[in-house]
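Numbering (my numbering), first residue to last: 2 to 663.
We treat Cβ as the ideally placed atom computed from N, Cα and C, and that holds for glycine.
Worksheet: one structure, shown below.
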Ligand SMILES: Nc1ncnc2c1ncn2[C@@H]1O[C@H](COP(=O)(O)OP(=O)(O)O)[C@@H](O)[C@H]1O
Ligand SMILES: [Mg+2]
């Protein structure tokens, strides 16, 4: 029965991969090469202006394009970490793959896969590619789980499928009842953090943890197989995971920590490094925050004592490369066979240096307290033996097959997430309906007894009025705002004037009757609303004038076309973030302006109907949330109708006219 489950998931993955490919191709076919260039997915007429080597010996090519008087940088739509191909006709027709390492206005740096070929003479072209690697890894993991005879894998598999019951160690005292007024501050007695105290409770490293967070840590440590930490927005999931990791390391356990996205892994890494743990981050430096590069495997290898041997190999290779080009410059100084021999020698030296690096990397990983990686970034077993503990952050953002990639590497798993925020992106409706849409987190919520689950309830982000609607709609009103944020407003920030906009936590700006019509953007296949975009920017300017710094604010919208429109109307402003809700999950700003876009006579709200998106959008703001939307359209959907009622009840319902005539 379990084999069937995994084969079914593998079949759904095939459907999903096909749907993603078809979607990308459809988008590409719709476009001429020119349009593709206009979207920035292809850049032509590039020249290699510099060759270099980066951390870990990756060959780097710096590419630039002579300006032909374009208004915008040709690199606008490229992102650090994209997989790309560079192709050129001369000196030999070549197509080389790599990763975008750095993107600036005038040049880009590509880190090449493998040994670098001869650089182009003349112009080359760059295309952004999709990646198959993650699919392969998911399929492999599903196959491994289906067939595995290893006790730790079969155990996890059976618990996750509900075939066997999850086990929990009996805590030596009954757990404290989860009511906020119960005082569970540990008595400061002579035990080291990580040890059990006389009263049976754990001594916490982070003594600021609230009662629910402590409960989550105790349950996670008592679990033998799996436990869930359900954390609504701002309730400190990652903070809890960090404590669990510290406790596990104090018990001598080897820990793997993983999340579906690079930014989520970086976030966890940042917090772990602050605690002084030896944390090592796997993954390509191009996809990792600059400030964390020192913790990457590449950087740790570069710092290693054996690095000098690698350096020697690399220098030897560079000498050979120079020799080769000198010989070729002279034209007749080198035969074809000699040249091929030199190429082979260069390749061999490159291989030897990389092999040595790989060996040191394995050693660094084996010795670390905690290893961090994205789910999709694991290609093969990281250690010889499984990790004692796997920590999965943002667990409700990963499909089941993706979750199994790290789960084949550990004996026990702690999941932290919130299924009431956005789920993982799935292209195929069919695959979603047939089971890919159900995350492991959700399945375990139904399977695990209370000993295996905790709902965190105290949030440290939002003014209680910003929190209130989300709490009522999604969490049965269970959320509490911590005293430190409960009543904080934008006008309390330094140098901010008090006015209508800054002293309220929530403002719903109703655009009904303002004549702001939504429009369909055919290229982006998304919606936009020009009038609403202009009003959003106007409000932003007003807030800036009142003294709120641009970097403390963000303009969010569900629609990518609206985000693009806001960006082009807003002009260049590096400080102000403008983006889609989906891309902002897990983050926060003091002030959020949310543009809902929809305005039509039919009352259609499209994918605003997935209210989890709205749950994310509304809960990104700390002190002020401004929502722009047309009540004529929105109120026909019960959720939005209730939001408007909520705004009315909190004296937060304003009209766009207040600002149009200002
Ligand atoms: N017990 C606590 N006391 C004070 N601040 C906390 C506590 N727990 C979390 N926070 C703060 O709340 C914010 C959100 O925490 P984080 O762990 O990132 O939450 P999540 O992972 O759920 O988004 C952070 O600024 C964190 O420092
Ligand atoms: Mg988090």
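For residue i, the three-state DSSP class (helix, strand or coil)
{"i": "residue 379", "result": "coil"}
{"i": "residue 429", "result": "coil"}
{"i": "residue 385", "result": "coil"}
{"i": "residue 224", "result": "strand"}
{"i": "residue 103", "result": "strand"}
{"i": "residue 186", "result": "The pLDDT assigned to residue 186 is 41, lower than 50, so where the model puts this residue is not dependable; a value taken from the coordinates is nonetheless given after this. It is coil, neither helix nor strand."}
{"i": "residue 548", "result": "coil"}
{"i": "residue 468", "result": "helix"}
{"i": "residue 344", "result": "helix"}
{"i": "residue 665", "result": "Given a span of 2 to 663 for the chain in the structure shown, any question on residue 665 remains unanswerable."}
{"i": "residue 252", "result": "coil"}
{"i": "residue 604", "result": "coil"}
{"i": "residue 491", "result": "helix"}
{"i": "residue 486", "result": "coil"}
{"i": "residue 576", "result": "coil"}
{"i": "residue 180", "result": "At residue 180, the pLDDT of 36 sits below 50, so the modelled position is not reliable; the number obtained from the coordinates is stated separately. If DSSP states are grouped into helix, strand and coil, residue 180 belongs with coil."}
{"i": "residue 16", "result": "helix"}
{"i": "residue 500", "result": "coil"}
{"i": "residue 205", "result": "coil"}
{"i": "residue 144", "result": "helix"}
Option in the options with minimal Cα separation from residue i
{"i": "residue 308", "options": "20, 518, 353, 99", "result": "353"}
{"i": "residue 101", "options": "82, 86, 54", "result": "82"}
{"i": "residue 390", "options": "377, 409, 401", "result": "409"}
{"i": "residue 651", "options": "506, 623, 526", "result": "506"}
{"i": "residue 89", "options": "44, 54, 434", "result": "44"}
{"i": "residue 301", "options": "250, 360, 267", "result": "360"}
{"i": "residue 423", "options": "660, 362, 581", "result": "581"}
{"i": "residue 589", "options": "480, 502, 537, 460", "result": "460"}
{"i": "residue 515", "options": "583, 598, 485", "result": "598"}
{"i": "residue 533", "options": "647, 441, 660", "result": "660"}
{"i": "residue 68", "options": "86, 53, 48, 381", "result": "48"}
{"i": "residue 1", "options": "519, 646, 504, 571", "result": "Summary: the structure shown does not reach residue 1, with the chain confined to residues 2 through 663, and so no result is reported for it."}
{"i": "residue 565", "options": "543, 551, 441, 596", "result": "596"}
{"i": "residue 558", "options": "583, 646, 576", "result": "583"}
{"i": "residue 299", "options": "328, 349, 355", "result": "355"}
{"i": "residue 380", "options": "141, 95, 517", "result": "141"}
{"i": "residue 161", "options": "146, 441, 103", "result": "441"}
{"i": "residue 74", "options": "146, 60, 96, 108", "result": "108"}
Exposed unless 16 or more other CB atoms sit within 10 angstroms - verdict on residue i
{"i": "residue 657", "result": "buried"}
{"i": "residue 509", "result": "buried"}
{"i": "residue 606", "result": "buried"}
{"i": "residue 110", "result": "buried"}
{"i": "residue 15", "result": "exposed"}
{"i": "residue 529", "result": "buried"}
{"i": "residue 574", "result": "exposed"}
{"i": "residue 1", "result": "Residue 1 lies beyond the stretch modelled for the chain, which goes from 2 to 663, so this question has no answer here."}
{"i": "residue 208", "result": "exposed"}
{"i": "residue 612", "result": "buried"}
{"i": "residue 238", "result": "buried"}
{"i": "residue 62", "result": "buried"}
{"i": "residue 13", "result": "buried"}
{"i": "residue 42", "result": "buried"}
{"i": "residue 563", "result": "buried"}
{"i": "residue 402", "result": "buried"}
{"i": "residue 377", "result": "buried"}
{"i": "residue 632", "result": "buried"}
{"i": "residue 66", "result": "buried"}
{"i": "residue 374", "result": "buried"}
{"i": "residue 398", "result": "buried"}
{"i": "residue 226", "result": "buried"}
{"i": "residue 106", "result": "exposed"}
Check: residue i C-beta below 6 Å from any heavy atom of ligand 1
{"i": "residue 211", "result": "yes"}
{"i": "residue 461", "result": "yes"}
{"i": "residue 434", "result": "no"}
{"i": "residue 418", "result": "no"}
{"i": "residue 362", "result": "no"}
{"i": "residue 235", "result": "yes"}
{"i": "residue 232", "result": "yes"}
Residue i beta carbon near ligand 2 (any heavy atom closer than 6 Å)
{"i": "residue 338", "result": "no"}
**Prompt:** Using the beta carbon as the reference atom, which residues fall closer than 5 Å to any heavy atom of ligand 2, ordered along the chain?
**Reply:** Going along the chain, the residues that qualify are 238, 239.
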